[in-house]
Structures are given as C-alpha cells and as structure tokens.
C-alpha cells in the first residue's frame, strides 16, 4: 500500500501521469522537492488563467518562479501528509520494509468545506473522516526504481467528496479545470526529469 492509499483510499475523481527518468530514485526525489514553478512550462500561464488574472498572495495558483512549488503549496493551503525518501539499495532491511527503493511525497488540501468548518492542520486531522459538505484532494509523487540507473516518477491525484451534492458541485469544477490540470502535471513531470537528469552532468 502506498502513502496515497492511506490518505485517499476511496475517490470519485482521479488522474495519473508517469514519466521515465534517467537518474536514480534519490536524484528524482530531490528534483520533486526542489523543482520550481519557473521550471514548469506553461505553469504560471495556466494558473494565471485559472485565477482570471487576479493578483494575490503567493500560492500554488500564484507561485513565485524561484521557489520550490511544493514549498509554496504547503505554505498556502496544502498540507504535507507524507514524505518518504527512497531507501538505499545497500540497506536491504530498510528497503524490504518500505517496498524496495521507492520514495513518495504526498500533499493534500480541502477543496470544498462548510463555511464554518475548521481546516485540518496536521496529517492526522486531514485523515479523519468528515461529514457531508466536504471534498478533499490528495496528490502524490511516487518514485520507483526501474534499474540501470533509471526510475519511474508517477503522480496521481484523487478527490473524494463526502456526499452527492458536493460530488456534483466538484464534478462541474473538475470538468472545467481537468484539461489544464492534466497539462500542468505532464509539464511538471518533465521539469522534474530535466532537473534530475541535469544533476548527472558536470
């Protein structure tokens, strides 16, 4: 079971993207942590459109180009739910416990909530069941060793709405944003690959 499964075992909306990276899992994991909005092609243009060009504080929809995008996200509405760097193949006991040399980062946010709801502040609070009126989104980056110095980086997003009315409300939003969201994630993975593979050159 992945960390994503622990935080989003059920969902109604989902997207998955993968890319092969010519670098070790450790390098790819560091690239996931460090990649900036400025490195992700079309990211700032698409998020500008999504916020209708309105200015505002730094957030995942209005990110500074020079800061790691995951840092921006976790300072502006997202929670870091799990962070498990890849294990070393020279540490067989740890690797067997964690499922080989895989690594995973998981973030989450409450997309829809009742007006008077208290937002979760910890991973434990985020994981607790919610009543009607909530939709939670969870996204991960999972790195799997592919051998020969390569790895596969996979990102998956899952959204769970707690009742039919909220599900219909989110479905309308998902229908509008999905094409841009899918493009952003593909560009995000390519930026991770460029950064990870660039560390191989002197």
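Residue numbers (the working numbering): 112 to 313.
Idealized CB from N, CA, C, for every residue including glycine.
- Residue 151 and residue 229 have their C-alpha atoms some 33 angstroms from each other.
- Residue nearest to residue 123 within the set 143, 115, 279, 173 is 279 (criterion: CA-CA distance).
- Per DSSP, residue 242 lies in no beta strand (DSSP E) and is assigned neither H nor E.
- In the three-state scheme derived from DSSP, where H, G and I count as helix and E and B as strand, residue 153 is classed as coil.
- Under the three-state reduction of DSSP, residue 290 is assigned to helix.
- Of the residues assessed, residue 227 falls on the exposed side of the cut-off, its CB having fewer than 16 other CB atoms within 10 angstroms.
- Under DSSP, residue 250 shares a beta bridge with 218, 268.
- By the neighbour-count criterion, in which a residue is buried when 16 or more other Cβ atoms sit within 10 angstroms of its Cβ, residue 129 is exposed.
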